[in-house]
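J.: Heads up: the sequence shown begins at 1 in my numbering, then just goes up one per residue. Every residue gets a Cβ at the ideal spot worked out from N, C-alpha and C, and that includes glycine.
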Amino acid sequence: MRCGTLKSIEDALDQLPEDLDEAFEGAINQIKNRHGFKRDLARHVLTWVVHAKDDLTVKQIEDSFAFHQSNGDSWQDSLPRKHSPVSVCAGLVVEDLDKGTLRLVHESVKRRLEGGPIIYKNADVEIAKTCLSCLLAKDSGASFDTPLLEYASVHWTHHLPDGQTVDPQMETRIRDFFLSTTKLVRAFKVIPDVPSRKLDGMTGLHAAVYYNLKTWAKTLIKSKVHVNAQCSDNQTALHWAATLGRRRLTEYLMRKGANPNLSDATGDTPIHKCLSGPALSNLDIVKFLVQGGARLDLKGAKGLTPLSTAIRYGPTSVAKLLIKNQGDLNAEIIMPGWTSLRELLYHGHDMVDGFRKSPKATRRSSADGWRPLRRAIDDHVHHLMQFILNRGVDLNRPTTQNWLPLAYAVSTGQAKMVQRLLDRTPNPADVNLRDPLSGMSLLCLALQYKKNHIARQLIKSGSDLNGTNNAGQTPLIQAVKSADRDLVWLLFKKGAQPNTLDNEGKSALHHAIEGGNKDIVWLLVTKRGGVGVQTGVIQSCFDLALEKSEFSIAWLLHEHGANINATDKSEKTALHSACIRGSLPQIRFLLDMGANINSRDAESSTPLHDSVVSGREEVVGLLASRAPHPKGLDEQDGKSNTALILATIKKNRAMVDSLLHHGASCDVQDQGGLTALHRAANQGFNDGLRALVAKAGNVNLADKKGYTALHHAVNSEEADADTVDILCTGKIDLDILQEDGYSPRGLAVALGKDAFARQLLGYERRASATHRTGNVGSRERRRAA
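What follows is the structure, encoded as structure tokens:
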């Protein structure tokens with residue numbers, strides 16, 4: 001079978017039995033029997049392919065051969081020119097065309113080569129020396145370009161013999177490398193994961209830390225390399241040790257005087273670097289740094305102190321260590337106003353709350369690890385809180401920024417945390433402390449933030465029930481405003497005062513009525529378990545209920561002591577107010593409940609008077625229809641005005657008709673002797689005058705100056721001929737004289753109102769003719785008799 005391709009060779013070799021190592025004997029013997037350059041190149045290629053820590057390219061292998069042959073001097077002259085690394089290996093090495101790297105044709109070849117004469121005897125040592133040759137090669141500017149530099153920089157220490165003393169040649173090379181800043185910077189610039197990108201000024205001590213070579217760190221410090229030397233970004237070897245998790249080197253550097261509080265260019269100290277590293281290795285490093293005097297209050301690149309970082313992001317063990325080494329647990333070490341407890345409460349809640357709101361946290365499946373992450377966050381906060389509480393932190397001392405633990409837990413709704421703070425023994429959080437920021441009691445604070453479940457906790461823990469918020473509202477008022485019936489009952493049952501008024505003069509009952517919470521109103525008014533609602537509160541609430549047309553509530557309040565005829569500062573009753581508002585349902589309710597329809601206010605006005613003055617036509621009709629007796633419609637106010645007089649003054653025909661219909665008198669006179677008829681004539685209110693004339697008992701009634709309605713019409717600037725006609729057709733006496741001796745026509749002449757004078761003269765003549773006709777008829781009737 002011909003095996004002309006790589007795939008066919010591999011397939012064939014895979015079918016060979018494992019004990020047939022002699023299958024490669026021919027190829028190995030072929031290499032053994034060669035001499036000179038080809039043999040040397042083949043041995044070198046196979047040594048590196050077998051022992052390299054990473055896959056190598058053809059170019060890297062060729063460069064390594066050149067450095068090995070030349071020890072770094074003019075290494076380009078030693079590059080293989082005619083023969084490729086693959087061709088000289090007699091088929092034992094192939095090139096992976098996908099990766100561009102070299103590998104053995106089959107893994108069984110490695111077993112056959114190891115221990116044989118082809119591979120270098122001390123292969124790793126030789127590779128390490130070659131790498132060092134590469135690292136120490138003279139830099140001739142742009143011409144120093146070898147892909148081997150990255151491999152040499154990363155892996156040369158991986159080829160050092162474990163626990164064995166290196167030979168003088170290698171030791172010299174290592175020393176030269178560590179003491180050459182130029183060579184170090186060149187090497188580290190090609191390493192992918194160095195702790196710093198600004199390497200100028202780095203020392204061999206930085207490199208020894210990176211390569212984790214404690215022995216060389218000791219050697220370099222003895223050689224007067226400064227333990228606190230800094231790169232151009234101000235990072236020391238201790239920064240690197242903390243970043244890379246070098247526990248033993250951290251301890252050694254600290255013993256040799258490394259300063260743990262030096263900040264790099266971003267502001268990070270070594271402990272900041274450590275806290276951003278792997279959790280498994282940083283606890284011991286943090287211990288060394290803290291024991292060596294690392295400060296916990298220095299802010300790093302992210303604006304966080306080490307203590308704050310550990311509390312926020314963990315690990316829990318490190319956070320505990322830092323808290324334990326804090327000294328005064330109540331000290332504001334994070335920043336002004338921020339203690340460890342505040343940091344934990346604030347950011348612990350922030351982490352949990354943020355996770356809860358995350359869309360990923362709502363996934364039902366835990367395959368992505370979200371549930372374990374949530375549990376880890378909860379556990380972190382729980383354990384740290386217990387640790388801080390057990391160490392005796394003062395829960396009742398506000399910070400300089402007036403932050404109080406219990407107040408914060410209450411305002412953010414952390415029910416479990418509130419209970420932990422209240423249950424801490426000894427020295428629990430004081431449930432009756434006031435929030436230093438708002439001045440409110442904690443119970444008021446809970447209700448202010450609508451954390452009613454927290455409020456229940458505080459009540460059961462003995463909170464003061466009668467404190468107030470900034471609006472003067474008690475917890476009972478706040479509970480009423482939130483419409484939480486069960487909470488209202490709990491407060492009421494525990495003895496909350498229902499009669500306290502807030503800054504607006506409102507009680508809990510007022511707010512219940514305003515909110516339309518009938519259940520709570522009934523609870524406050526009828527329950528006997530707590531303090532009763534005072535009569536004054538009941539009365540004012542009755543007015544409020546009526547104003548809102550909550551008649552069932554108004555009835556309830558009336559049944560519990562509200563006086564339906566009680567008066568306000570103006571001595572107005574609820575009926576007065578309802579009439580002014582013009583609310584027919586309210587008026588009917590009050591009348592049905594027995595309100596006094598003729599009650600008088602401070603100006604002696606009845607509800608009917610107020611209705612007329614307010615222009616409430618329907619209300620006037622309702623009140624007039626419900627008057628016990630028609631004389632009730634003629635009640636006079638403080639100025640002796642009846643409702644009919646006021647309606648006439650307002651020129652409101654509908655109200656005039658309604659009052660007349662229900663028996664209001666047209667002849668009642670005010671303090672000047674004026675009747676509604678006088679007013680209508682004086683105002684030229686002809687529409688209403690007709691109705692009044694028709695109902696008037698005495699159209700000739702004179703006021704205190706002797707003026708009849710006709711005199712007023714003549715004297716008025718508003719009356720017209722129609723006014724005079726309406727009066728004159730109503731059996732008016734044209735000859736009545738007023739106080740100055742004028743009849744209506746005489747007054748018109750005196751006032752120069754010729755039209756009225758002629759109009760009245762006509763009525764007088766008709767009256768005289770009628771009178772004469774009447775007299776002649778009388779004489780004839782007597783003669784006939």
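1) Between Asp464 and the rest of its own chain, which residues show a CB-CB distance below 6 Å, the 5 nearest in sequence each way excluded?
2) Give me, in chain order, the residues of the same chain whose beta-carbon lies closer than 7 Å to that of Gly582; leave out the 5 immediate sequence neighbours on both sides.
3) Could you please give the first and the last residue of the uninterrupted beta strand (DSSP E) stretch that includes Thr729?
4) Would you check if the distance between the CB atom of Ser716 and the CB atom of Gly741 is smaller than 8 Å?
5) Would you kindly work out how many angstroms separate the C-alpha atoms of Gly4 and Tyr210, rounded to a whole number?
6) With distances taken Cα to Cα, identify the nearest neighbour of Leu622 among Ala602, Lys651 and Ser658.
7) Check whether the Cβ atoms of Val67 and Cys134 sit closer than 8 Å, and answer yes or no.
8) Go through its chain and collect everything with a Cβ distance to Arg197's Cβ below 8 Å, but skip five positions before and after it.
9) Quick one: what does DSSP say Asp96 is sitting in, helix, strand or coil?
10) Please check the pair Ser64 and Trp48, which I expect to be a contact at CB under 8 Å, by giving their CB distance rounded to whole angstroms.
11) Can you tell me whether Met385 sits near the ligand FMN, meaning its C-beta is under 7 Å from at least one heavy atom of the ligand?
12) Return the residue from the list Ala750, Pro744 and Thr770 that minimises the CA-CA distance to Leu761.
13) Taking the continuous beta strand (DSSP E) assigned at Thr101, which residues delimit it?
14) Taking Cβ positions, are Leu289 and Leu307 nearer each other than 8 Å?
15) Would you say Asp145 lies against chain D (beta-carbon separation less than 8 Å)?
16) Apart from the five residues just before and just after Glu126, which ones in its own chain have a Cβ nearer than 8 Å to its Cβ?
17) Report the residue from Arg173, Asn652, Gln669 and Asp703 whose alpha carbon sits nearest the alpha carbon of Leu689.
18) In whole angstroms, give me the CA-to-CA distance for Gly257 and Leu238.
19) Quick one, which of Val693, Trp489, Gly672 and Lys753 has its alpha-carbon nearest Gly706's?
20) Mind checking Ile311: buried by the 16 CB within 10 Å criterion, or exposed?
21) Under a three-way DSSP split, which group does Met593 fall into?
22) Which same chain residues end up closer than 6 Å to Asp484 when comparing Cβ atoms and leaving out the 5 residues on each side of it in sequence?
23) Express the C-alpha separation of Gly472 and Leu490 in angstroms, rounding to a whole number.
24) Would Leu443 and Leu384 be called neighbours here (beta carbons separated by less than 8 Å)?
25) Name the one or two DSSP bridge partners that Trp338 has.
26) Do Ala578 and Ile587 have their beta-carbon atoms positioned less than 8 Å apart in this structure?
27) Rounded to the nearest angstrom, how far is the Cβ of Val227 from that of Leu205, given a contact under 8 Å?
28) Does the pairing of the segment 107–119 with the segment 158–172 give three or more beta-carbon distances under 8 Å?
29) Which word fits Arg758, buried or exposed, when buried means at least 16 other C-beta atoms lie within 10 angstroms of its C-beta?
30) If we ignore side chains and look at the alpha-carbon of each, how far apart do Arg81 and Lys38 end up?
31) Rounded to whole angstroms, what is the Cα-Cα separation between Ile61 and Gly303?
32) Cβ atoms of Gly337 and Gln401: under 8 Å apart, would you say?
33) Which runs of the alpha helix (DSSP H), 4 residues or longer, sit entirely within the segment 138–215?
34) Output needed for Val533: all residues of its chain with C-beta closer than 7 Å, excluding positions within five of it in sequence on either side, in chain order.
35) Over what stretch of residues does the alpha helix (DSSP H) that includes His51 continue unbroken?
36) If we count the other Cβ atoms within 10 Å of its Cβ and call it buried at 16 or more, is Ser791 buried or exposed?
T.: In brief:
1) Asn432 and Ser441
2) Ser614, Arg616 and Val619
3) Here Thr729 belongs to no beta strand (DSSP E), and DSSP marks it neither H nor E.
4) no
5) Below a pLDDT of 50, predicted positions are generally treated as unreliable, and Gly4, at 47, falls in that range; the measurement from the model is reported next regardless. For Gly4 and Tyr210, the distance between alpha carbons rounds to 47 Å.
6) Ser658
7) This sequence places Phe at residue 67; Val is not what is there. Closer than 8 Å, so yes.
8) Asp233
9) strand
10) 6 Å
11) Ligands displayed in this structure: none; no statement on the ligand FMN is therefore possible.
12) Pro744
13) Thr101 to Leu104
14) no
15) Judged by its chain identifiers, the structure shown contains no chain D, having just a single protein chain.
16) Thr47, His68 and Tyr120
17) Asn652
18) 10 Å
19) Gly672
20) buried
21) coil
22) Asn452
23) 20 Å
24) no
25) Met335
26) yes
27) 7 Å
28) no
29) exposed
30) 11 Å
31) 48 Å
32) yes
33) 148–155, 168–179, 181–188 and 204–210
34) Pro498, Asn499, Leu509, Leu524 and Val525
35) Phe37 to His51
36) This structure cannot speak to residue 791, because the chain is shown only from 1 to 785.
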